[in-house]
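With UniProt numbering as the guide, the letters of the sequence shown map in order to residues 1 to 426.
We treat Cβ as the ideally placed atom computed from N, Cα and C, and that holds for glycine.
Being a predicted model, the structure only gives us computed values, none of them experimental.
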Amino acid sequence: MKITVVGLGYIGLPTALMFANHGQQVCGVDVNDSVINKLTSGQIHIEEPGLQEELDKALRSGKFHAGKEIEPADAFIISVPTPNHEDAYKSCNLDYVKSAVTSVLPALEKGNTIIIESTIAPRSMMDHICPMVEASGFTVGKDVFLVHCPERVLPGQVMHELIYNNRIIGGITEACTEAGKKVYKTFVQGELLETTASVAEMSKLMENTYRDVNIALANELVKVCDELDIDALEVIELANKHPRVNLHSPGPGVGGHCLAVDPYFIIEKAPEKTPLIQAARAINSQMPSFIVQKVEETVQDITNPKIAVLGLTYKGNIDDIRESPAVEIFDQLAFHTNYQVVAFDPHVQVDFASKDFQQTIDQANFVLILADHNEFKNLTVEDFDTVASEAIILDTKNIATQLAENPNYYNLGNISELNKKGAHAL
Ligand code: SAJ
Numbered sequence: 001m002k003i004t005v006v007g008l009g010y011i012g013l014p015t016a017l018m019f020a021n022h023g024q025q026v027c028g029v030d031v032n033d034s035v036i037n038k039l040t041s042g043q044i045h046i047e048e049p050g051l052q053e054e055l056d057k058a059l060r061s062g063k064f065h066a067g068k069e070i071e072p073a074d075a076f077i078i079s080v081p082t083p084n085h086e087d088a089y090k091s092c093n094l095d096y097v098k099s100a101v102t103s104v105l106p107a108l109e110k111g112n113t114i115i116i117e118s119t120i121a122p123r124s125m126m127d128h129i130c131p132m133v134e135a136s137g138f139t140v141g142k143d144v145f146l147v148h149c150p151e152r153v154l155p156g157q158v159m160h161e162l163i164y165n166n167r168i169i170g171g172i173t174e175a176c177t178e179a180g181k182k183v184y185k186t187f188v189q190g191e192l193l194e195t196t197a198s199v200a201e202m203s204k205l206m207e208n209t210y211r212d213v214n215i216a217l218a219n220e221l222v223k224v225c226d227e228l229d230i231d232a233l234e235v236i237e238l239a240n241k242h243p244r245v246n247l248h249s250p251g252p253g254v255g256g257h258c259l260a261v262d263p264y265f266i267i268e269k270a271p272e273k274t275p276l277i278q279a280a281r282a283i284n285s286q287m288p289s290f291i292v293q294k295v296e297e298t299v300q301d302i303t304n305p306k307i308a309v310l311g312l313t314y315k316g317n318i319d320d321i322r323e324s325p326a327v328e329i330f331d332q333l334a335f336h337t338n339y340q341v342v343a344f345d346p347h348v349q350v351d352f353a354s355k356d357f358q359q360t361i362d363q364a365n366f367v368l369i370l371a372d373h374n375e376f377k378n379l380t381v382e383d384f385d386t387v388a389s390e391a392i393i394l395d396t397k398n399i400a401t402q403l404a405e406n407p408n409y410y411n412l413g414n415i416s417e418l419n420k421k422g423a424h425a426l
């Protein structure tokens with residue numbers, strides 16, 4: 001089978017390489033010259049375990065090449081970003097998807113399949129994409145096949161999950177679903193779940209909305225327990241001993257290009273019917289300000305406090321800072337002209353992040369742990385020998401547990417203690 005993958009980002013590239021390394025001839029297309037050049041010269045442009053090896057293998061076998069031109073194929077897979085519009089409901093911007101579909105149409109032939117993997121608002125396939133394909137003279141379900149197959153992989157485990165996760169295959173017609181199944185059967189070992197395009201769209205959005213709402217519940221619990229002087233993390237641990245309870249983990253906020261984005265695609269379509277989803281978004285979006293306020297209260301009596309931020313990504317062990325609450329916290333803190341705010345992240349290449357842990361924490365008055373990178377798991381009290389005296393460590397991910405020996409170590413469980421500390425010790 002010949003496959004053209006449009007969009008070689010976090011999902012498109014691993015998907016293209018999977019097809020290539022399972023015997024298909026793959027053309028990867030991207031509008032970005034530097035992506036094409038890098039891949040052609042044998043280097044990946046994103047951090048993902050196992051991805052470099054897959055690229056090496058696919059280039060060696062000659063089954064994959066990257067370019068800017070769409071090539072004719074049996075199946076076209078579209079995996080381009082769908083950002084939020086900057087409108088009242090942060091609605092789904094389909095421009096990149098539509099432009100990818102438009103670019104595919106001249107190469108489309110009878111019998112071909114177009115698969116949209118990008119996350120899209122409910123009914124996008126029926127109301128926008130299908131009419132575009134039919135306007136070019138094809139009857140969908142007869143001449144060509146149109147499918148929505150949302151990606152559901154977890155960053156950091158993409159290569160494994162692409163093969164073993166179940167896939168939702170949502171066709172415009174049953175024939176479309178069958179055509180979609182044929183394509184994924186080439187390497188997916190999980191179940192291929194047949195449905196309609198609209199159900200597929202909504203299922204994908206609800207998966208991430210479910211998590212967003214549950215994380216909001218945990219974050220709200222932290223605020224309540226902060227007020228009532230109760231350890232929220234212990235509450236969660238004990239409540240989760242109940243066989244049918246699964247409270248999620250609180251944190252500095254919800255980031256990434258999925259949980260912080262997808263719920264808005266449901267909200268935009270039914271604003272009057274989604275008070276719960278909207279409240280959850282608001283709670284999670286306010287978490288960075290809650291954390292910043294804790295820092296502000298604690299350092300208010302220090303003239304030029306040094307604040308060290310450990311971790312800038314939206315979650316651990318990845319290099320992705322999209323929608324990252326850690327970056328928002330960094331920015332909000334840096335807004336104070338009398339604060340010296342410094343950041344350390346071993347995974348991120350940005351000019352405002354240092355690669356020198358020691359330099360970052362040296363003489364810091366407040367250390368904030370914002371990402372659960374493995375590098376932070378084994379931090380010990382000795383690693384913080386050079387911080388300022390009485391320095392506070394707030395571990396918002398509850399990851400550096402060996403630091404609990406330090407009397408100035410806090411997490412989101414005992415954060416109410418920090419209030420008392422700020423008032424007296426500094
Ligand atoms: N987070 C918490 N508390 C938790 C769990 C997560 O605060 O208990 C935060 C994380 O720190 C992060 C954010 O939520 O900031 C999102 O992290 P995540 O690991 O839940 O999700 P993503 O965005 O990396 O990946 C999700 C996954 N969806 C689900 O688990 C339902 C993944 O399977 C999807 O493929 C991906 O979204 C996507 O593409 O939609």
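Backbone secondary structure at residue i - three-state DSSP
i	result
D395	strand
K306	strand
E417	helix
T15	helix
H424	In this prediction, H424 scores a pLDDT of 46, lower than 50, which makes its location untrustworthy; no coordinate-derived value is stated.
E191	coil
R167	strand
V254	coil
S354	strand
Y184	helix
K68	coil
residue 434	An answer regarding residue 434 cannot be provided, because it is not within the stretch 1 to 426 covered by the chain.
A121	coil
V140	strand
V31	coil
F145	strand
L247	coil
F335	coil
Q349	coil
beta-carbon residue i near ligand 1 non-hydrogen atom, thresh 6 Å
i	result
Y314	yes
H160	no
S249	yes
N208	yes
P155	yes
C258	yes
residue 427	What the structure shows of the chain is the stretch from 1 to 426, and residue 427 is not part of that stretch, so it cannot be assessed.
I215	yes
V80	no
G255	yes
R152	yes
R281	no
R211	yes
Minimum C-alpha distance to residue i - residue among the options
i	options	result
L154	L146, N365, N165	N165
N21	T401, S416, D33, M1	M1
V327	G311, Q340, R211, V213	G311
I169	Q189, K185, I163, V147	V147
T386	F376, E117, Q358	Q358
G12	S61, I115, V299	I115
K110	V101, G141, E268, E117	G141
I78	G50, V31, Y210, Q402	V31
Y89	F352, L276, K269	K269
F330	I369, Q349, T298, I302	I369
residue 436	Y10, Q340, V5, A135	No information on residue 436 is available, as it lies outside the stretch 1 to 426 that the chain covers here.
H373	D33, T313, E390	T313
A371	A334, N411, D351	N411
A279	R244, N219, H336	N219
D143	R152, C130, C149, P150	C130
L162	N84, E194, E54, A364	E54
G23	N246, E296, I3	I3
Q363	N304, K315, C225, S324	N304
G62	I36, I44, L17, N84	L17
Min CB distance residue i to chain D below 7 Å
i	result
P106	No chain D appears in the structure shown, which is made up of a single protein chain.
Practice problem: May I ask you to verify whether the stretch 91-98 touches the stretch 108-127, counting CB pairs closer than 8 Å and requiring at least 3? | Solution: yes
Practice problem: Examine the Cβ distances between the stretch 63-74 and the stretch 255-262 and report whether three or more of them are shorter than 8 Å. | Solution: no
Quiz item: At a cut of 8 Å, does the stretch 49-69 reach the stretch 172-187 through at least three beta carbon pairs?
Solution: no
Quiz item: Is it a yes or a no for the stretch 268-284 touching the stretch 333-346, going by three-plus beta-carbon pairs under 8 Å?
Solution: no
Quiz item: Does the pairing of the stretch 195-212 with the stretch 229-242 give three or more beta-carbon distances under 8 Å?
Solution: no
Practice problem: Check whether the stretch 287-297 touches the stretch 388-399, taking contact to mean three or more Cβ pairs, one atom from each stretch, closer than 8 Å. | Solution: yes
Practice problem: Please confirm if the stretch 374-386 is in contact with the stretch 184-196, defined as three or more CB-CB distances below 8 Å between the two stretches. | Solution: no
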